[in-house]
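Written out below as structure tokens is the structure these notes cover.
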Amino acid sequence: MQQVDSTSKYIKQHNISFDQVKRAVSSNLPCFFISFHPTNEDQKVPSAFKAADHVFEYLKQQNVQINKFSFVGWAGAKLKLGVDGKEDYIKLVSTEKWPTSIMNIPITIEKPKFIPDCFALVIRYVPRGMDYEFVKEEISRSIVSVVNLKRIQYSYNRKTDDYRFHVKDLQEYNRALNMRRISIGNVIVPITQFLEDHLANEAEIEGLRPGCVIILPSSFQGSPRAMQENYQDAMTIVRKYGKPDLFITFTCNPTWREIQEQLFPGQTPSDRPDLITRVFKLKLNELIDDIFKKHRLGRTIAYVFVIEFQKRGLPHCHMLIILANEDKPKDENHIDHIVCSEIPDPVQFPQLYECVRRHMIHGPCGTLNPHSTCMEDGKCSKEFPKEFPNDTLPNKDGYPRYRRRDNGITMTIGKYEVDNRWIVPYNPYLLMKYNAHINMEICTTVKSIKYLFKYIYKGHDCANIKLQRPVKEAHLDARYVSAPEAAWRLSEFPLHDKFHAIIRLAVHLPNQQPVYFAEGNEREALERAAIKDTTLTAWFKLNSQNPDARQYLYHDIPQHFVFERNGTWKHRLQGENVIGRMYSVSPSDVECYHLRLLVLYTPGACSFDDLKTVDGQICQTFMEAAKRRGLLRDDTEYERCMSEAVIFQMPQQLRTLFCVILLFCNPTKPVDL
Numbered sequence: 079m080q081q082v083d084s085t086s087k088y089i090k091q092h093n094i095s096f097d098q099v100k101r102a103v104s105s106n107l108p109c110f111f112i113s114f115h116p117t118n119e120d121q122k123v124p125s126a127f128k129a130a131d132h133v134f135e136y137l138k139q140q141n142v143q144i145n146k147f148s149f150v151g152w153a154g155a156k157l158k159l160g161v162d163g164k165e166d167y168i169k170l171v172s173t174e175k176w177p178t179s180i181m182n183i184p185i186t187i188e189k190p191k192f193i194p195d196c197f198a199l200v201i202r203y204v205p206r207g208m209d210y211e212f213v214k215e216e217i218s219r220s221i222v223s224v225v226n227l228k229r230i231q232y233s234y235n236r237k238t239d240d241y242r243f244h245v246k247d248l249q250e251y252n253r254a255l256n257m258r259r260i261s262i263g264n265v266i267v268p269i270t271q272f273l274e275d276h277l278a279n280e281a282e283i284e285g286l287r288p289g290c291v292i293i294l295p296s297s298f299q300g301s302p303r304a305m306q307e308n309y310q311d312a313m314t315i316v317r318k319y320g321k322p323d324l325f326i327t328f329t330c331n332p333t334w335r336e337i338q339e340q341l342f343p344g345q346t347p348s349d350r351p352d353l354i355t356r357v358f359k360l361k362l363n364e365l366i367d368d369i370f371k372k373h374r375l376g377r378t379i380a381y382v383f384v385i386e387f388q389k390r391g392l393p394h395c396h397m398l399i400i401l402a403n404e405d406k407p408k409d410e411n412h413i414d415h416i417v418c419s420e421i422p423d424p425v426q427f428p429q430l431y432e433c434v435r436r437h438m439i440h441g442p443c444g445t446l447n448p449h450s451t452c453m454e455d456g457k458c459s460k461e462f463p464k465e466f467p468n469d470t471l472p473n474k475d476g477y478p479r480y481r482r483r484d485n486g487i488t489m490t491i492g493k494y495e496v497d498n499r500w501i502v503p504y505n506p507y508l509l510m511k512y513n514a515h516i517n518m519e520i521c522t523t524v525k526s527i528k529y530l531f532k533y534i535y536k537g538h539d540c541a542n543i544k545l546q547r548p549v550k551e552a553h554l555d556a557r558y559v560s561a562p563e564a565a566w567r568l569s570e571f572p573l574h575d576k577f578h579a580i581i582r583l584a585v586h587l588p589n590q591q592p593v594y595f596a597e598g599n600e601r602e603a604l605e606r607a608a609i610k611d612t613t614l615t616a617w618f619k620l621n622s623q624n625p626d627a628r629q630y631l632y633h634d635i636p637q638h639f640v641f642e643r644n645g646t647w648k649h650r651l652q653g654e655n656v657i658g659r660m661y662s663v664s665p666s667d668v669e670c671y672h673l674r675l676l677v678l679y680t681p682g683a684c685s686f687d688d689l690k691t692v693d694g695q696i697c698q699t700f701m702e703a704a705k706r707r708g709l710l711r712d713d714t715e716y717e718r719c720m721s722e723a724v725i726f727q728m729p730q731q732l733r734t735l736f737c738v739i740l741l742f743c744n745p746t747k748p749v750d751l
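According to our numbering, the residues represented by the sequence shown are 79 to 751, in order.
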């Protein structure tokens, strides 16, 4: 607290801006320390800012001109002084004209013992064949005050190295930067700044490893890896059962009677996120029961849903449903029976008419309201208003064009009059029962399925925020968590779910399975890994011990066997909805990629050598075994790889995969691929 108070007073007295303080902290320039040595008890150590003023004035008298100290505080019994400029820092480090006493109290000055990284440079693209001592001599001819020269070596296929070093003299540092190029023998190479933080330099001096790499694993709810894993799990269901048939979006209604009756006087639904989330969870459970158990839309064989939260806080659910073959929408009449996009007759269906008016009207936008939030470049992003087709028509891009007859029925929304062109598709039964926005769409083609699953697993909302102080004018893209989302998580409600359990199966080369351990426990982790099987090695043992298991492929095993915690497969006693999925492998990892290919088409393998064995002979590599088994006669496997990736990956990822295949796999006809 004393340090904070002293710094605050000094800032106010000398009109130091917060930007200067920010630079002093973020520039990573080391601080200077002053120790006081009173000769008797009557001598009192001055306050921090008085001592800083004394030092500043003394240096000024000695012709050491610097800006005001931008950081002043106490570090225990020592006075801590900091500057925010490189030139000031160099002056203070190099001068010997520091005061020897302050207010007649003897002092000692502690200067930093190392050069800050802001004076680090790097020379790039030095040919690898050049001798280190020769390079050092060549650099020293142009930059005299070079210290800590180190060679930075990269991968074996790169023919050049970089050389990093520090420069003691600021003028030489600036001159070297202005040179931009330097001569090493008869080669001209570029010279640039080396961006490395102060902590790394200190750690290097102390022989320590700075910081640690933090990766959010797939087990961390909401992380990018978790979203990707869930997306691939959902696409595994599509691989087994085909495309989804229905896409439902169900949004919480804050005017539900169950919410309104529990509010205290003066409260609004936004004051009770706990109430909103609990009521919505109960409604969602009932919706799943209606669809999956009571078969209100037909017999359901699979579903996936994800919970999201709007910026205003209301939860909503995206759900994809796969129906049994006999109940799939097969023609226009069947679609019209499930989905409606018209205003009901207010005389014949007054309650449904009111539900549509409250929940299923889009906008309006366009010419009626050009400032609507859905407007982009003068057009509605949802393509409203729709046309007036008299019959439902299939659409090759995904959703059909639903029937919207021009029957003259309209309704008034505020000051606007809308007709069937503004109706969001809905199911009359579900809309009447749940009295909320519940959009229903028919998925007519496979083309849109990948984008639907990517949409529901797209991740959390973000918000752009601005911090005024102490990080003035700083903008951050940060995750946005509303109160209902916090209440949902505190209640431990699921953020996503699916009807089938997806068992993820390991794919790895011999003795290259992943090993997880806490730092310092490497040996114990290796010992555990040596005796505990992965799903792959346990599958080998299962096939060698159980002849009945040899009829199944690796990814089909989870439907018939359970992987126990002790690392063994045991026969499944109850028929559950389980699907196996092997982890994907990049073609750049040539051996592991072909191992996965062999496992994909070889039932009953008892070992890695068993996979390599073709016609009684053990091949040297998995790639050779795949070729001899006829899995790599031509570019068919690469076409199969691209086709599989089309299911899981988006266009940018597909282009990257194509480049990887060209670089590492040598396809015979890349143009055809």
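We put the CB at the ideal spot given by N, CA and C, even for glycine. Predicted model, so just to flag it, every value in this text is computed and none were measured.
query: Can you tell me whether Gly-645 sits near the ligand FAD, meaning its C-beta is under 8 angstroms from at least one heavy atom of the ligand?; result: Questions concerning the ligand FAD fall outside what the structure shown contains, since it holds no ligand whatsoever.
query: Could you pull out every residue in the same chain whose Cβ sits closer than 7 angstroms to the Cβ of Arg-258, ignoring the five residues on either side in sequence?; result: Pro-268 and Ile-269
query: From what residue to what residue does the beta strand (DSSP E) around Arg-229 run?; result: 224 to 230
query: Answer with buried or exposed for Met-397, where buried requires no fewer than 16 other C-beta atoms within 10 angstroms of its C-beta.; result: buried
query: Is Asp-575 helix, strand or coil when you go by DSSP?; result: strand
query: What three-state label does DSSP hand Phe-466 in the structure shown?; result: coil
query: Look up Glu-495 in the DSSP assignment and say whether it is helix, strand or coil.; result: strand
query: Give me the Cα-Cα distance between Cys-458 and Tyr-679, rounded to the nearest whole angstrom.; result: 48 angstroms
query: So who's on the other strand from Ile-262, going by DSSP bridges?; result: Val-265
query: Under a Cβ-count criterion, where at least 16 other Cβ atoms within 10 Å of its own Cβ denotes burial, should Ser-297 be classed as buried or exposed?; result: exposed
query: Label Cys-443 either buried or exposed according to how many other C-beta atoms from any shown protein chain fall within 10 Å of its C-beta, with 16 as the threshold for buried.; result: buried
query: Quick check for students: name the residue ranges of the alpha helix (DSSP H) that lie wholly in the segment 634 to 695, counting only runs of 4 or more.; result: 668 to 679 and 686 to 690
query: List, from N- to C-terminal side, the beta strand (DSSP E) runs of 3 residues or more that fit wholly inside the segment 129 to 187.; result: 149 to 153 and 156 to 160
query: Taking only runs of the alpha helix (DSSP H) that begin and end inside the segment 313 to 394, which ones reach a length of at least 4 residues, in chain order?; result: 335 to 338 and 351 to 366
query: Comparing alpha-carbon positions, which option in Ser-172, Pro-205, Asn-621 and Trp-176 lies nearest Ile-266?; result: Pro-205
query: Taking the continuous alpha helix (DSSP H) assigned at Asn-621, which residues delimit it?; result: 613 to 623
query: Less than 9 angstroms between the C-beta atoms of Met-438 and Asn-517, yes or no?; result: yes
query: Give me the residue from Met-305, Glu-519 and His-132 with the minimum Cα distance to Ile-400.; result: Glu-519
query: Between Thr-612 and the rest of its own chain, which residues show a CB-CB distance below 6 angstroms, the 5 nearest in sequence each way excluded?; result: Ala-584 and Gln-591
query: Can you find the residues in the same chain that come closer than 7 angstroms, C-beta to C-beta, to Phe-686, ignoring five residues on each side of it along the sequence?; result: Pro-588
query: Assign Met-181 to buried or exposed, taking buried as 16 or more other Cβ atoms, counted over all protein chains shown, within 10 Å of its Cβ.; result: exposed
query: With respect to the alpha helix (DSSP H) encompassing Arg-219, which residues constitute its N-terminal and C-terminal limits?; result: 210 to 220
query: Can you give me the start and stop residues for the alpha helix (DSSP H) that Glu-410 sits inside?; result: 410 to 416
query: On the DSSP letters alone, give me the boundaries of the alpha helix (DSSP H) that Phe-427 sits inside.; result: Premise fails: Phe-427 is in no alpha helix (DSSP H) and is neither H nor E.
query: Among all the DSSP beta bridges, which residues are the ones paired with Ser-113?; result: Thr-186
query: What is the DSSP secondary structure of Met-489, reduced to helix, strand or coil?; result: strand
query: So if DSSP puts Thr-445 in a beta bridge, which residue, or which two residues, is it bridged to?; result: Paired residue(s): none; Thr-445 is not in a bridge.
query: Give me the Cα-Cα distance between Arg-547 and Ile-187, rounded to the nearest whole angstrom.; result: With a pLDDT of 46 at Arg-547, under the threshold of 50, the modelled position of that residue is not reliable, and the figure given next carries that caveat. In a straight line, the C-alpha of Arg-547 is about 32 angstroms away from that of Ile-187.
query: Return the residue from the list Pro-302, Gly-151 and Gly-160 that minimises the CA-CA distance to Asn-145.; result: Gly-160
query: Smallest Cα separation from Lys-359: which of Arg-707, Glu-605, Trp-152 and Asp-575?; result: Asp-575
query: Which residues in the same chain have their Cβ closer than 7 angstroms to the Cβ of Ala-561, if we skip the five residues on either side of it in sequence?; result: Pro-351 and Gly-391
query: Can His-633 and Ile-315 be called in contact, C-beta distance under 9 angstroms?; result: no
query: From which residue to which residue does the beta strand (DSSP E) around Leu-199 run?; result: 198 to 205
query: Spatial neighbours of Ser-113 within its chain, please: C-beta separation below 6 angstroms, excluding the five flanking residues on both sides.; result: Lys-156 and Thr-186
query: Since Val-656 and Ile-581 should fall inside the 8 angstroms C-beta cutoff, what is the C-beta to C-beta distance between them, to a whole number of angstroms?; result: 6 angstroms
query: Quick check on this structure: which residue in Asp-688, Asp-667, Glu-654 and Ser-662 has the alpha carbon closest to the alpha carbon of Thr-615?; result: Asp-688
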